[in-house]
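2 protein chains.
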Amino acid sequence: MSSGDESDRVFKALSAAIRRDILDALKDRPQTTGELCARFPALDRCTVMQHLRVLEGADLVIVKREGRERWNHLNPLPIKHIYDRWIGAYAGRAVEVLDRLKTDLEG
Amino acid sequence: MSSGDESDRVFKALSAAIRRDILDALKDRPQTTGELCARFPALDRCTVMQHLRVLEGADLVIVKREGRERWNHLNPLPIKHIYDRWIGAYAGRAVEVLDRLKTDLEG
DNA sequence: TTGACATGTTATGTTTTTATAACATGATGG
DNA sequence: CCATCATGTTATAAAAACATAACATGTCAA
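Protein sequence lines, in the order shown, are assigned to chains A and B. Those letters in the first sequence? Residues 555 to 661, by this note's numbering. Those letters in the second sequence? Residues 555 to 661, by this note's numbering.
Shown next as structure tokens:
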């Protein structure tokens, strides 16, 4: 079965668009919770924090506190892990399918 | 923002362990709905079909009917797409992080 | 120290997802 | 034709995810 407890949390965390957007926002540099909330004005501050907690639970976001600020850092390793253990094989298979298709069209 | 309607459906589809297990079961060869239900005895037949519908909606499973049988085929392309457009960058970044870590440890 | 600020917690209503039951269709083989 | 089998549909109950409000804590700076 494909579901370790760890990668299951990662898949779940990635399943919400807003959380993927948060990760994208953290790609360039770490940001405080406040900065992130400002970046997503459509959502309530509590909602953003709830999503951050999910990302933290999946180890996709690592938190460092400085005084009264909370710095959220992106951790891309869990994504690499699910890629290595799961997605890579499918992507490779997709390439095979495309190659076969290409060959068929040329033949 | 990271969320096209298409890849959002794919991420959502991949977020449930049972659906990833179904995709794994379809990796080797297409299977009928009945075969899949037999493979997951813990779940009700209706539940399996509901999950198949989600996978079909994400274009991860392609259905071909033959008489009274329904053959479910894996389509790995959507996974390749989200890899190309999204996951690859994170996996690459993870490698960077690891490299930097390795260099730091050696230095 | 004290008021403003950044963040955190608990509780709660709403929507989605998941699982199942009950019933329906439609091909197949005798 | 007719019973059976594989699949499909609709409805619904239960669980999980999502969004927000109301309240709480701890820090900084004047």
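Here a beta-carbon is modelled for each residue, glycine too, at the ideal position from N, C-alpha and C. Note that the coordinates shown come from a computational prediction; the quantities given were computed from them, not determined experimentally.
- Chain-ordered, the chain B residues with CB closer than 7 Å to the CB of A/ARG647 read PRO630.
- For A/ALA567 against A/VAL608, the beta-carbon gap comes to about 5 Å, under 8 Å, which counts as contact.
- For a Cβ distance threshold of 9 Å, nothing in chain B lies close to A/ILE616: the least Cβ distance comes to about 11 Å.
- Taking 8 Å as the cut-off, the Cβ atoms of B/LEU590 and B/ILE576 count as close.
- The shortest C-alpha to C-alpha distance from B/VAL615 to any of B/MET603, B/GLY621 and B/ARG622 is the one to B/MET603.
- With contact defined as three or more Cβ pairs closer than 8 Å, the segment 626-639 of chain A and the segment 618-632 of chain B are not in contact.
- A direct Cα-to-Cα measurement between A/PRO595 and A/LEU628 gives close to 21 Å.
- Taking 4 residues as the shortest admissible run, the segment 579-611 of chain B contains the following complete alpha helix (DSSP H) segments, listed from N- to C-terminal end: 587-593 and 599-611.
- By DSSP's assignment, A/LEU628 forms a beta bridge with A/VAL615.
- For B/GLU620, the pairing in a beta bridge is given by DSSP as B/GLU623.
- Listed along chain A, the residues sitting closer than 7 Å to B/LYS566 by beta-carbon distance are SER569.
- Residues GLU623 of the same chain have their beta carbon placed closer than 8 Å to that of B/GLY588, with the five preceding and five following residues left out of the count.
- Apart from the 5 residues on each side of it in sequence, B/ALA579 sits with its Cβ closer than 7 Å to the Cβ of GLN585, LEU590 and ARG593 in its chain, given in chain order.
- Around the beta carbon of A/LEU655, fewer than 16 other beta carbons sit within 10 angstroms, so the residue counts as exposed.
- Within 8 Å of the CB of B/ASP562, the CB atoms of chain A belong to ALA571, in sequence order along the chain.
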